[in-house]
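Using this note's numbering, you'd call the opening residue of the sequence shown number 381 and step up by one each time.
Written out below as structure tokens is the structure these notes cover.
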Amino acid sequence: MLKLPSRILPGNTVTTTLTLTDFLDRIGTQPRFFSLGRRISEIPRERFMAFENAAEPWAQPFQQAAWLGILFDDTRSGEPHLWFLRFPLDEQGLLVQAARDEFLRRIIDSAEQPEVASENLGDNPFGFKPNEAQLANLHARIAHGQRQPPSSHYAHAREYFSGQQGFEQWQFVGLQGIADLAVRHDQHAELLANAIPQLPAEPFNVLCGCLENETLGNELVDSIARRLRTELTSDTPDPVLIAAALRGLSNGDRREKVVITAQAALDSEQGSHPEVLAAIAGRAWETLYDDALRARFLQRLAESGQRAFDSILADLLFLPVLRNLLLADIRGSQQPQVVQQAVAAFIQRFTQNATKGNSP
């Protein structure tokens, strides 16, 4: 249960400038902030404060919102707790501060209830329940950052990826163990790189879902890229595996390699598949800073159908850097006809929704 100072207990006056950071400071915690929408990454305190004050946009918005985890210690028991919050953003990617204020009002009003300190925040509308993969990867990152030992599943995962027992024996490998291995990828780069070409689809997809949060070096990026290209040239390429590979190498430190690999995926027969497009937009969005790749992406996105085009483009327009690039693209006259038609339909729907007071 949170113990609130008397000046911010229910019924007392709360200053209108109280921020979430202020609130957590006043109750005596030392919070850590994590972005959870596109990939899991820790947010420096000063950056989060700037976001709260609407001084800078949320760096990685997803579905027009800021998805975040806040780690803090319970002020009475000393036990760590996690809040998972989703706050709406305006068209510039800035915090809708009224939503944050409403969240704080609800927390303060219910401060004497045990569920305040729980991870699901009771019925608070700004809380969300992360999926199993998000939880596993966040817990792995927190434990590793605090120099705590990995989970009991780690040794089994390491043994599996060594291949000693055969790569078909993956059914009992715990997700938490794979997340623990992924966050230590720099220690196990050779082991993972050797395993990647031989992995069945399911463990490969799970591994890539963990590696997407990590800044990978050359060895792992090259191994995943080779697996992707092998899949592209197979008789029956699997778009789910292609998408997983794109996610897995998306945060690699060799940006040009990631761009070239994404280009190969877009140029393939699976390039307009929703899974492939969603992987690029959702996890490998930085590849779209490349003008040629962005043009190809828009073409394949338009070819995938209007519904996917509208949904993915609307989401990408909330990304601070991509917004201006994409607006310049869709306003230009040099786009292929299929893109021009999709853009016209998108603008028409946006205009209609704006008239009704809705987002695109």
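Just so it is clear, CB atoms sit at the ideal spot from N, CA and C, and this is done for glycine as well.
Secondary structure at residue i, three-state DSSP: helix, strand or coil?
i           : result
residue 497 : Its pLDDT being 45, under 50, residue 497 is placed unreliably by the model, and the measurement read from it follows with that caveat. Correct three-state label for residue 497: helix.
residue 691 : helix
residue 582 : helix
residue 507 : strand
residue 728 : helix
residue 565 : coil
residue 407 : coil
residue 439 : coil
residue 597 : coil
residue 431 : helix
residue 483 : helix
residue 471 : coil
residue 698 : coil
residue 402 : helix
residue 453 : strand
residue 635 : helix
residue 630 : coil
residue 423 : strand
residue 460 : strand
residue 684 : coil
Among the residues of its own chain, which have a CB less than 6 Å from the CB of residue i, if the five just before and after it don't count?
i           : result
residue 623 : 655, 656, 659
residue 589 : 513
residue 578 : 547
residue 585 : 624
residue 583 : 550
residue 534 : 557, 560
residue 520 : 559, 560, 563
Pick out whichever of the options has its Cα sitting closest to the Cα of residue i.
i           : options            : result
residue 677 : 663, 699, 652      : 652
residue 451 : 399, 503, 518, 480 : 518
residue 715 : 681, 466, 675      : 675
residue 475 : 485, 705, 446, 487 : 446
residue 435 : 422, 477, 599      : 477
residue 448 : 419, 458, 433      : 419
residue 537 : 526, 564, 523, 522 : 564
residue 428 : 610, 615, 401      : 401
residue 630 : 621, 593, 616, 717 : 593
residue 699 : 432, 729, 469, 571 : 469
residue 706 : 692, 444, 485      : 692
residue 664 : 702, 684, 648, 649 : 702
residue 439 : 417, 733, 522, 534 : 417
residue 486 : 471, 634, 504, 713 : 504
residue 730 : 431, 542, 471      : 471
residue 461 : 480, 442, 522, 646 : 522
residue 484 : 708, 406, 454      : 406
residue 482 : 541, 603, 399, 635 : 399
residue 525 : 442, 552, 414      : 414
residue 473 : 433, 454, 408      : 433
Which residues in the same chain as residue i place their Cβ atom closer than 8 Å to its Cβ, once the five residues preceding and following it in sequence are excluded?
i           : result
residue 507 : 463, 464, 465, 466, 500, 501
residue 639 : 667, 670, 673
residue 611 : 617, 618, 621, 622, 625
residue 566 : 597
residue 444 : 468, 469, 694, 695, 698, 739
residue 595 : 631, 632, 633
residue 684 : 652, 653, 654, 657
Only counting the same chain, and skipping five residues up and downstream in sequence, which positions put a Cβ closer than 7 Å to that of residue i?
i           : result
residue 404 : 411, 452
residue 722 : 682, 686, 689
residue 643 : 673, 676
residue 724 : none
residue 555 : 512, 513, 516, 586
residue 605 : 629, 637, 641
residue 498 : Annotation note: pLDDT 47 at residue 498 (below 50); position unreliable, coordinate value reported separately. Cβ neighbours of residue 498 beyond the five flanking positions: none.
Can you confirm whether the segment 512-529 touches the segment 549-563 when touching is taken to mean that 3 or more C-beta pairs between the two stretches lie within less than 8 Å? At 8 Å Cβ cutoff, the stretches touch.
Is the segment 517-532 close to the segment 423-430, with three or more CB pairs under 8 Å? Look at the beta carbons and you see the segment 517-532 not touching the segment 423-430: under three pairs across the two are nearer than 8 Å.
Taking the runs of the beta strand (DSSP E) that are 3 residues or longer, which of them lie wholly in the segment 637-675? For the segment 637-675, not one full-length beta strand (DSSP E) segment reaches 3 residues or more.
Segments assigned alpha helix (DSSP H), at least 4 residues, entirely inside the segment 517-576: Segments of the alpha helix (DSSP H) lying fully in the segment 517-576: 534-542, 555-563, 569-575.
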